[in-house]
Each structure stands twice: as structure tokens, then as C-alpha cells.
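**Student:** Please read through the structure below; I'll follow up with questions.
Protein chains: 2
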Amino acid sequence: MDPLKAKYNYREHLQPFAVFNEDEWALFCTYMEFVSLKKKEYFIEAGKVCNHFGFINKGSVRYFHMANDGTDITGYFSFENEFMSSYKSFVKREPANNYIQALEDTELILISYKSMQEMLACEKLGHKMERFGRLIAEYYLCCYDDRITAFITQSPEERYIKLLESGRDILRRMPQHYIANFLGITPVSLSRIRRRILV
Amino acid sequence: MDPLKAKYNYREHLQPFAVFNEDEWALFCTYMEFVSLKKKEYFIEAGKVCNHFGFINKGSVRYFHMANDGTDITGYFSFENEFMSSYKSFVKREPANNYIQALEDTELILISYKSMQEMLACEKLGHKMERFGRLIAEYYLCCYDDRITAFITQSPEERYIKLLESGRDILRRMPQHYIANFLGITPVSLSRIRRRILV
DNA sequence: TGTATTTCTTATCTTAAGATAACGTTTTCT
DNA sequence: AGAAAACGTTATCTTAAGATAAGAAATACA
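Taken in order, these protein sequences are the chains called A and B.
Residue 33 in numbering that gives the first Met the number 0 is what sits at position 34 of the first sequence, and the numbering runs on without skipping anything.
Residue 40 in numbering that gives the first Met the number 0 is what sits at position 41 of the second sequence, and the numbering runs on without skipping anything.
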């Protein structure tokens with residue numbers, strides 16, 4: 000990973016949430032950690048407290064839950080230039096109930112919880128970081144809202160069609176059995192829906 | 000409604016999100032609007048932009064979506080001492096896709112979007128309000144996260160049992176056919192689940 | 001109080017989803 | 001290149017959910 004390019008990219012994708020002047024940016028940069036995950040490596044595992052808030056510079060990750068019988072259930076995906084964390088665990092400081100795993104070799108820029116608290120508390124960045132945190136949380140709140148609305152107002156088939164229409168990377172880059180869980184159904188069921196739609 | 004008591008109650012329930020000194024509180028109070036809704040009145044209707052963030056001092060509300068065929072689908076409930084808004088619409092300044100309706104005579108303390116922006120921009124309250132907004136959004140993000148996890152990892156029956164165990168007011172105070180939608184199923188289906196569980 | 005409305009359950013029928021297994025294909029790994 | 005693992009589809013069987021209608025019980029209301 001090239002930290003210089005990664006930082007530049009990060010700064011650009013932070014724009015909607017926080018715009019830093021040079022001074023602030025320099026300070027913000029001192030809190031960054033650059034981490035690479037090999038395919039199948041974990042960013043977080045259930046039972047552990049998630050200590051980092053991440054930005055995906057390159058690659059993709061899968062969020063999943065482990066059922067009692069050992070099967071895993073995919074909850075979400077994130078791709079390059081998106082943020083990533085086991086939010087609830089990160090925010091509440093409690094053990095995560097999910098795993099986040101790299102689906103390909105992935106480059107991350109991380110901010111630790113401790114760093115975040117320091118920035119929130121510091122004179123120079125505090126106000127801006129509160130706003131950053133607010134805008135990020137609001138952004139994801141809206142995404143989650145859409146997701147819940149889809150679950151209560153649409154059938155699995157309708158949800159799949161919406162996903163098709165959305166043109167998101169998910170369909171192109173994710174195995175179908177992961178997408179199935181994401182839609183709240185089994186892989187077999189998704190395969191049947193696909194067949195039905197073809198007609 | 001007694002605005003004095005309502006303000007006192009609001010301040011108490013804001014504690015986890017924002018603690019104001021007397022000065023700040025006095026200023027914050029100048030932005031409050033006190034509104035009462037009669038049973039079945041709407042706080043927001045689909046198609047309109049939600050201009051207020053509310054606190055329920057007394058009463059309860061139901062969030063619902065209107066399907067194409069005119070049936071309504073309940074998405075959520077909020078009770079006294081909880082916050083309430085059509086968040087996505089409020090945050091993104093776009094028309095709401097849902098309705099929020101009073102289920103009984105309800106007392107609200109509202110902050111308009113404009114007031115919120117003024118407070119966020121003001122010297123005295125800005126920093127604190129950013130934090131307030133962040134903590135509120137994070138709080139609801141966690142709730143939504145749980146809800147989505149339930150949809151992808153649990154069966155309707157399991158979701159109902161969890162709701163039973165949670166001891167939330169929903170079961171005691173809401174008609175069953177509203178709860179059914181909330182769980183992502185039809186009222187008939189919930190009735191069958193209840194019967195099954197009784198055995 | 002009496003009527004209307006809402007709410008919940010039950011029954012029937014239809015449709016779809018879950019569980020499981022088998023099979024061919026593709027991908028991964030060494 | 002060859003073996004192993006992962007992936008997607010299909011078939012069968014079972015179970016549960018949706019749609020619809022009817023009726024009883026509870027509630028609202030005028």
C-alpha cells in the first residue's frame with residue numbers, strides 16, 4: 000500500500016463528512032494506521048470489541064453472523080472508498096456479534112477508538128470530529144432505514160429486483176449465496192427467484 | 000401540556016446525549032416548540048419533508064408506510080420519553096416515505112430543522128449540539144443494526160419471542176396487527192405463531 | 001345504551017420458502 | 001496439471017406464509 004496515495008484518496012472521500020485545512024489534516028494524519036488484510040483475514044471477530052473505525056482504500060469486506068449450527072449469514076458488504084466498522088461494538092464498547100472478513104486483499108486506513116476520543120477531546124479537531132461522527136452516523140442511519148423498510152414492505156423477490164436495479168457492485172462482485180443472506184433468504188431460494196425472473 | 004414540567008422531563012432524558020449548563024439550557028429552550036397531537040393526528044405524512052425533530056413528552060406514535068394498494072404497514076413505534084422524527088427526511092431534506100401518527104393524545108417538544116442548524120452554527124451551543132446529534136444518530140444506528148440482524152438471522156417466530164422477552168411496551172400497548180408488520184409478517188401469520196407458542 | 005368499528009382468530013386454498021441432497025461447473029490451491 | 005473445495009442449479013419433500021373470507025370478541029363512540 001502507498002500511504003501517500005491512500006491518504007489523498009481518504010481525504011477526498013471524507014469531503015462529504017469533514018473538510019480539513021492543512022493544519023488539521025496533518026494532525027488527523029498522525030492518528031491514522033495503515034493496515035493490509037490478506038484475503039480471508041478478519042478485521043473483527045464476534046466476541047471481541049471492535050477497536051477501529053476503518054476506511055477501505057482498496058478491496059472489499061463481508062460482514063457476517065455465525066448461527067448456532069455453525070453456518071454463517073452474510074449481513075453486509077463494503078467496498079473500496081467506503082467506511083467500515085462493527086459500529087455497535089465500536090460505539091458501545093461491547094463485544095461484536097459479527098465478523099468482518101476481507102474478500103480479497105484489502106488495504107485499510109484505521110482510526111482507533113482511543114485516537115477518535117483524543118481527537119474529539121482536542122481543542123483543534125474536537126468540534127470538526129463531532130460533526131464528522133454525526134454525519135457518518137446519519138449517513139449510515141439512512142442506509143439502515145432503507146434496508147429495514149425493504150424488509151417490511153417488500154418480498155424477497157422485490158428486494159432482489161431492487162438490488163438489480165440499484166446497479167450496486169454487490170451483484171457483480173459477490174458470490175450469490177452471500178447475496179441471498181443479505182436479502183434475508185437462502186441461496187436455494189435466490190436461485191429459484193432468478194429462474195422465475197428469467198421467464 | 001405543562002411546558003415547565005415537559006422541559007424538565009426533556010432535560011432529564013437528554014442527559015445521555017447532552018448535558019447543558021443553565022446558560023446553555025436557557026438558550027436551547029428558546030428553540031423549543033410545544034405541540035399537542037390528538038389521537039390519529041399526523042406528525043408527518045409521506046411526500047412532505049419532515050421539518051422537526053421531536054421528543055415525546057406524553058403519548059405514543061406509530062410509523063407506517065402506505066403500500067400501493069392502500070394498505071398500511073407499520074414500521075415502528077415510539078413512546079413517551081423517546082425521540083421521534085422521520086430521520087431520513089429530516090436529515091436529507093427530502094420527502095418522507097412514511098407517516099407518523101399519534102396513537103393517543105400526544106405531547107411533543109419539537110426542534111425545527113432551521114433551529115437545529117442555527118444551534119449547530121452558533122458559538123455557544125454548536126459543539127455540544129454536534130455531539131448531541133452524533134450520539135442520537137449513533138444510538139439509533141445501534142437499534143437499527145439490531146433490527147436488521149434480527150431480520151437476517153431469525154425467523155418471524157424467533158423475532159416474536161425476542162420481542163416478548165424484551166418486555167418492551169410495544170406488546171402491551173399496540174394492537175397486534177401493527178406488531179405483525181413490525182415483525183415483517185401479516186397479522187394472520189402472527190396469530191398463528193401465537194397459537195403455536197401456546198402449546 | 002346500543003350500534004358501528006376494530007381487532008383477533010380460525011379455516012381454506014394457494015404459493016413460496018426452508019431443508020436436504022445430488023450433480024455439473026467453476027474456482028482455488030498446491 | 002490435478003485434486004479439492006466452492007458455487008449455482010435443480011429436484012423432492014416438508015413446513016410455513018400470504019390471500020381471502022367469515023365470525024366472534026372487544027372497543028370506540030355518539
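Note that the Cβ used here is the ideal one computed from N, Cα and C, for glycine as well.
#1: DSSP three-state label for F42(B), please.
#2: Whether or not the region 51-61 of chain B and the region 96-108 of chain B are in contact is what I'm after, with contact meaning three or more pairs of Cβ atoms, one per stretch, closer than 8 Å; do they touch?
#3: According to the neighbour-count rule (16 or more other Cβ atoms, all chains shown, within 10 Å of its Cβ), is T73(B) buried or exposed?
#4: Taking contact to mean at least 3 C-beta pairs separated by less than 8 Å, is the region 107-121 of chain B in contact with the region 63-82 of chain A?
#5: Find the residues of chain B that neighbour L150(A), judging by a C-beta separation of less than 8 Å, and give them in chain order.
#6: Could you spell out the range, first to last residue, of the alpha helix (DSSP H) harbouring V207(A)?
#7: With 16 as the cutoff for other CB atoms within 10 Å, does I135(A) come out buried or exposed?
#8: Among S88(B), Y62(B), I160(B), D22(B), which residue has its Cα nearest to the Cα of I99(B)?
#9: Using DSSP bridges, identify the partner residues of D71(A).
#10: Have a look at G183(B), R130(B), L102(B), F19(B) and flag the residue whose alpha-carbon is nearest the alpha-carbon of E40(B).
#11: Contact check, Y86(A) vs D22(B) under 8 Å by CB: the rounded distance?
#12: Give a yes or no on whether the minimum CB-CB distance between S47(A) and chain B is below 8 Å.
#13: So that I know if they touch, is there some Cβ in chain B lying closer than 8 Å to that of V224(A)?
#14: In chain order, what residues of the same chain have a beta carbon less than 7 Å from the beta carbon of E81(A), not counting five sequence neighbours either side?
#15: Please tell me whether A95(B) and A45(B) are closer than 8 Å, where the distance is taken between their beta carbons.
#16: Could you tell me whether the Cβ atoms of I169(B) and I178(B) are closer together than 8 Å?
#17: At the level of alpha carbons, what is the spacing between C141(A) and I196(B)?
#18: I want to check one thing, is the minimum distance from the CB of L197(A) to the heavy atoms of the ligand FMN below 7 Å?
#19: Under three-state DSSP, which class holds S154(B)?
#20: Could you pull the DSSP bridge partners for Q100(A) from this structure?
#21: Alpha carbon to alpha carbon, how far is L69(A) from N20(B)?
#22: Taking N50(B) as the reference, give the member of M83(B), Q153(B), E164(B), L13(B) with the closest Cα.
#23: Kindly indicate the opening and closing residues of the alpha helix (DSSP H) around V34(B).
#24: Consult DSSP for P94(B) and reduce its assignment to one of helix, strand or coil.
#25: With distances taken between CB atoms, is the gap from S111(A) to V48(A) smaller than 8 Å?
#26: Against H176(B), what residues of chain A qualify as contacts under a CB-to-CB distance less than 7 Å, listed in chain order?
#27: Spell out the partners DSSP gives T29(B) in its beta bridges.
#28: Which residues in chain A have a C-beta closer than 7 Å to the C-beta of C28(B)? List them in chain order.
#29: Would you tell me roughly how many angstroms separate the C-alpha atoms of H176(B) and E79(B), rounded to the nearest one?
#30: With the cut-off set at 8 Å, would you say Q126(A) and T152(B) are in Cβ contact?
#31: Could you check which residue in Y138(B), L124(B), I192(B), F131(B) has the C-alpha nearest to that of S154(B)?
**Tutor:** This is what the structure gives:
#1: For the purposes of this step, residue 42(B) is taken as residue 43 along the second sequence, with counting starting at 1. Reduced to three states, the DSSP call for F42(B) is strand.
#2: yes
#3: What you label residue 73(B) is simply residue 74 of the second sequence in a count that begins at 1. Flag for T73(B) reads buried.
#4: no
#5: Sequence index remark: in the first sequence, residue 150(A) carries index 151 (1-based). The question names Leu, yet the displayed sequence has Phe at residue 150(A). Correct list: I147, F150, G183.
#6: Nothing about residue 207(A) can be read from this structure; chain A reaches only from 0 to 198.
#7: Within the first sequence, the letter at position 136 stands for residue 135(A). With 16 or more Cβ atoms within 10 Å of its Cβ, I135(A) is classed as buried.
#8: Your numbering for residue 99(B) matches position 100 in the second sequence. Of the listed residues, the one whose Cα sits closest to I99(B) is Y62(B).
#9: Here the question's residue 71(A) lines up with position 72 in the first sequence. Paired residue(s): M65(A).
#10: For this step, residue 40(B) is matched to residue 41 along the second sequence. Of the candidates G183(B), R130(B), L102(B), F19(B), the one whose C-alpha sits nearest the C-alpha of E40(B) is L102(B).
#11: Here residue 86(A) refers to the residue found at position 87 of the first sequence. Here residue 22(B) refers to the residue found at position 23 of the second sequence. In fact, because the Cβ distance is near 34 Å, the residues do not count as touching under 8 Å.
#12: In the first sequence, residue 47(A) corresponds to position 48, counting from 1. Correcting the residue identity first, residue 47(A) is Lys in this sequence and not Ser. It does not: the Cβ of K47(A) has no partner Cβ on chain B nearer than 8 Å.
#13: This structure gives no information on residue 224(A), because the portion of chain A shown stretches from 0 to 198.
#14: Residue mapping note: residue 81(A) aligns to position 82 of the first sequence, counting from 1. Answer for E81(A): I55, listed in chain order.
#15: The residue labelled residue 95(B) in the question sits at position 96 within the second sequence. The residue labelled residue 45(B) in the question sits at position 46 within the second sequence. Cβ atoms of A95(B) and A45(B): closer than 8 Å.
#16: In the second sequence, the residue the question calls residue 169(B) occupies position 170. In the second sequence, the residue the question calls residue 178(B) occupies position 179. Taking 8 Å as the Cβ cut-off, I169(B) and I178(B) qualify as a contacting pair.
#17: On the first sequence, position 142 is the one that residue 141(A) refers to. On the second sequence, position 197 is the one that residue 196(B) refers to. So the two alpha carbons sit approximately 35 Å from each other.
#18: Only the bare structure without any ligand can be found here, which leaves the ligand FMN out of the picture.
#19: Here residue 154(B) is taken as the residue at index 155 of the second sequence, counted from 1. Residue state, collapsed to three classes: coil.
#20: Counting from 1 along the first sequence, the entry for residue 100(A) is found at position 101. Per DSSP, Y41(A), R61(A).
#21: Within the first sequence, numbered from 1, the residue matching residue 69(A) stands at position 70. Within the second sequence, numbered from 1, the residue matching residue 20(B) stands at position 21. What sits at residue 69(A) in the sequence shown is Gly, not Leu. Taking the straight line joining both Cα atoms gives about 51 Å.
#22: Taking the first residue of the second sequence as position 1, residue 50(B) is located at position 51. Cα-wise, what sits closest to N50(B) is M83(B).
#23: On the second sequence, residue 34(B) is found 35 positions in, with the first residue counted as 1. Unbroken run through V34(B) is the beta strand (DSSP E), 32-36; no alpha helix (DSSP H).
#24: Here the question's residue 94(B) lines up with position 95 in the second sequence. P94(B): strand per DSSP, three-state reduction.
#25: Numbered from 1 along the first sequence, position 112 holds the residue referred to as residue 111(A). Numbered from 1 along the first sequence, position 49 holds the residue referred to as residue 48(A). It is not a contact, given that the beta carbons lie outside the stated cut-off.
#26: For the purposes of this step, residue 176(B) is taken as residue 177 along the second sequence, with counting starting at 1. Neighbours of H176(B) on chain A: none; closest Cβ ~13 Å, over 7 Å.
#27: Counted from its first residue, the second sequence places residue 29(B) at position 30. Paired residue(s): none; T29(B) is not in a bridge.
#28: If you number the second sequence from 1, residue 28(B) lands on position 29. By Cβ distance, chain A contributes nothing, its closest Cβ being about 22 Å from C28(B), past 7 Å.
#29: Your numbering for residue 176(B) matches position 177 in the second sequence. Your numbering for residue 79(B) matches position 80 in the second sequence. When rounded, the distance between both Cα atoms is 21 Å.
#30: In the first sequence, counting from the first residue as 1, residue 126(A) sits at position 127. In the second sequence, counting from the first residue as 1, residue 152(B) sits at position 153. The sequence given here has His at residue 126(A), not Gln. Going by C-beta atoms, H126(A) is not nearer than 8 Å to T152(B).
#31: For this step, residue 154(B) is matched to residue 155 along the second sequence. Nearest C-alpha to S154(B): I192(B).
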